[in-house]
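Take the position in the sequence shown, starting the count at 1, then add 80; the result is the number in my numbering. Heads up, the beta-carbon is just placed ideally off N, CA and C, and yes, glycines get one too. Before any comments, here is the structure.
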Amino acid sequence: MAKVAFLGLGVMGFPMAGHLVTKGSHEVTVYNRTAAKAKDWADKFGGRTAATPAEAAAGQDFVMACVGNDDDLRAVTTGADGAFAAMSKGAIFVDHTTASAEVARELDAAASEIGFHFIDAPVSGGQAGAENGVLTVMCGGRPEDFARAEPVIGAYARMCKLLGPAGSGQLTKMVNQICIAGLVEGLSEGIHFAKKAGLDVNAVIDTISKGAAQSWQMENRHKTMNDGKYDFGFAVEWMRKDLSICLAEARRNGASLPVTALVDTFYAEVEKMGGRRWDTSSLLARLER
């Protein structure tokens with residue numbers, strides 16, 4: 081059992097922090113910008129709440145965070161009443177936010193200077209993965225820190241892997257989102273084509289999903305897409321945030337991402353259709369206007 085703080089109780093963080101109690105048997109303190117959400121969590125799982133990130137982090141072995149973006153992450157770490165000022169020597173900060181590799185390296189350097197450790201550990205698997213404790217966690221950091229943190233992360237992870245030094249987790253999450261963007265657009269076009277061709281979409285997918293076209297998106301989203309239902313999974317506005325990080329990093333490292341850039345413009349069209357909170361499979365709705 082470890083003493084753990086969790087900062088950020090959104091649709092991902094709330095169940096992730098819960099698994100630390102129910103599956104990990106850890107002693108957990110939570111902080112959330114909206115205090116009522118922290119109280120709801122404590123009422124459900126029995127942990128403690130803190131009024132600030134610094135209060136939550138004080139005396140903890142591990143501090144986990146899952147917030148919105150780079151600015152939110154800086155606010156709960158190095159901002160006023162941020163966690164970094166209160167971290168114990170030798171403790172480990174694990175960041176599950178999908179953020180830039182740049183901020184991961186920045187915070188790793190700040191942690192080292194103060195005397196504790198940092199791992200960037202973005203996740204994949206969406207809300208369902210968080211609720212079921214089967215997330216994929218992509219980590220960047222030092223091997224010895226990862227070895228200590230992996231058993232704690234295991235409370236909500238099915239797969240957890242160290243990919244390299246600080247920033248490597250965020251870079252791997254970018255690869256994940258780049259791949260998903262192209263897959264969802266391809267699936268949307270395939271379903272759209274099947275409909276126009278007068279085929280039974282479910283029969284088609286049942287067939288081709290047993291071959292080389294198979295993907296998680298195909299297996300888990302084709303039925304809801306075919307029914308025009310887009311209130312499942314990862315929101316368009318969140319995907320656009322992630323793709324903006326991918327495209328900014330590509331400008332820095334010289335990678336060519338023509339399909340990713342194009343799909344991002346398609347998601348912008350979905351947003352204009354009122355689909356900011358639709359899930360990412362709503363690319364099909366754009367084709368069926």
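Under three-state DSSP, which class holds GLY159?
-> Counting from one through the sequence shown, the residue named residue 159 turns up at place 79. In the structure shown, GLY159 sits in coil (DSSP, three-state: anything other than H, G, I, E or B).
Should ALA365 and VAL350 be called a contact, given that it needs their Cβ atoms to be closer than 8 Å?
-> For the purposes of this step, residue 365 is taken as residue 285 along the sequence shown, with counting starting at 1. For the purposes of this step, residue 350 is taken as residue 270 along the sequence shown, with counting starting at 1. Yes. Within cutoff.
Closest to ALA246 by CA distance: which of SER192, ALA235, ILE258 is it?
-> Against the sequence shown, residue 246 aligns to sequence position 166. It is SER192.
SER336 - DSSP class collapsed to helix/strand/coil | Position 256 of the sequence shown, counted from the first residue, corresponds to residue 336. It is coil, neither helix nor strand.
How big is the Cα-Cα spacing for ALA293 and ASP286?
-> Position 213 of the sequence shown, counting from 1, holds the residue named residue 293. Position 206 of the sequence shown, counting from 1, holds the residue named residue 286. Roughly 11 Å separates the two Cα atoms.
Distance between beta carbons of GLY355 and SER362, contact taken as under 8 Å | Against the sequence shown, residue 362 aligns to sequence position 282. Against the sequence shown, residue 355 aligns to sequence position 275. That pair is a contact at about 5 Å.
Would you tell me roughly how many angstroms separate the C-alpha atoms of ASP161 and PRO223, rounded to the nearest one?
-> Taking the first residue of the sequence shown as position 1, residue 161 is located at position 81. Taking the first residue of the sequence shown as position 1, residue 223 is located at position 143. Cα-Cα distance, rounded: 29 Å.
Would you mind giving the Cβ-Cβ distance between ALA118 and VAL110, rounded to the nearest angstrom? I have them listed as a contact below 8 Å.
-> Taking the sequence shown and counting its residues from 1, the one referred to as residue 118 is at position 38. Taking the sequence shown and counting its residues from 1, the one referred to as residue 110 is at position 30. With a beta-carbon spacing of about 5 Å, ALA118 and VAL110 fall inside the 8 Å limit used to define contacts.
Within 8 Å, strictly: CB atoms of ASP200 and GLN140 = Taking the sequence shown and counting its residues from 1, the one referred to as residue 200 is at position 120. Taking the sequence shown and counting its residues from 1, the one referred to as residue 140 is at position 60. It is not a contact, given that the beta carbons lie outside the stated cut-off.
Within 8 Å, strictly: CB atoms of ASN306 and VAL339 | Your numbering for residue 306 matches position 226 in the sequence shown. Your numbering for residue 339 matches position 259 in the sequence shown. Not closer than 8 Å, so no.
Going along the chain, which unbroken runs of the alpha helix (DSSP H) with 4 or more residues stay wholly within the stretch 126 to 172?
-> 133 to 137, 150 to 157
Three-state secondary structure (DSSP) at THR114?
-> Counted from its first residue, the sequence shown places residue 114 at position 34. It is coil, neither helix nor strand.
Name the DSSP bridge partner or partners of LEU242?
-> Position 162 of the sequence shown, counting from 1, holds the residue named residue 242. DSSP output for LEU242 lists CYS219 as bridge partner(s).
Could you name the residues of the same chain whose beta carbon sits closer than 7 Å to that of LYS275, not counting the 5 residues immediately before and after it, in chain order?
-> The sequence position of residue 275 within the sequence shown is 195, counting from 1. Closer than 7 Å at Cβ, skipping near neighbours: VAL281.
Whole angstroms is fine: what's the gap from ALA190's alpha carbon to ALA163's?
-> Numbered from its first residue, the sequence shown carries residue 190 at position 110. Numbered from its first residue, the sequence shown carries residue 163 at position 83. Going from the Cα of ALA190 to the Cα of ALA163 covers about 12 Å.
Is the stretch 206 to 218 touching the stretch 234 to 244, taking contact as three or more C-beta pairs under 8 Å?
-> yes
Cβ-based neighbour list, ALA235, same chain, cut-off 6 Å, excluding 5 preceding and 5 following = Position 155 of the sequence shown holds residue 235. HIS99, LEU100, LYS103, GLY104, listed in sequence order.
Cα-Cα separation between GLY206 and PHE312, rounded to whole angstroms = The residue labelled residue 206 in the question sits at position 126 within the sequence shown. The residue labelled residue 312 in the question sits at position 232 within the sequence shown. Taking the straight line joining both Cα atoms gives about 10 Å.
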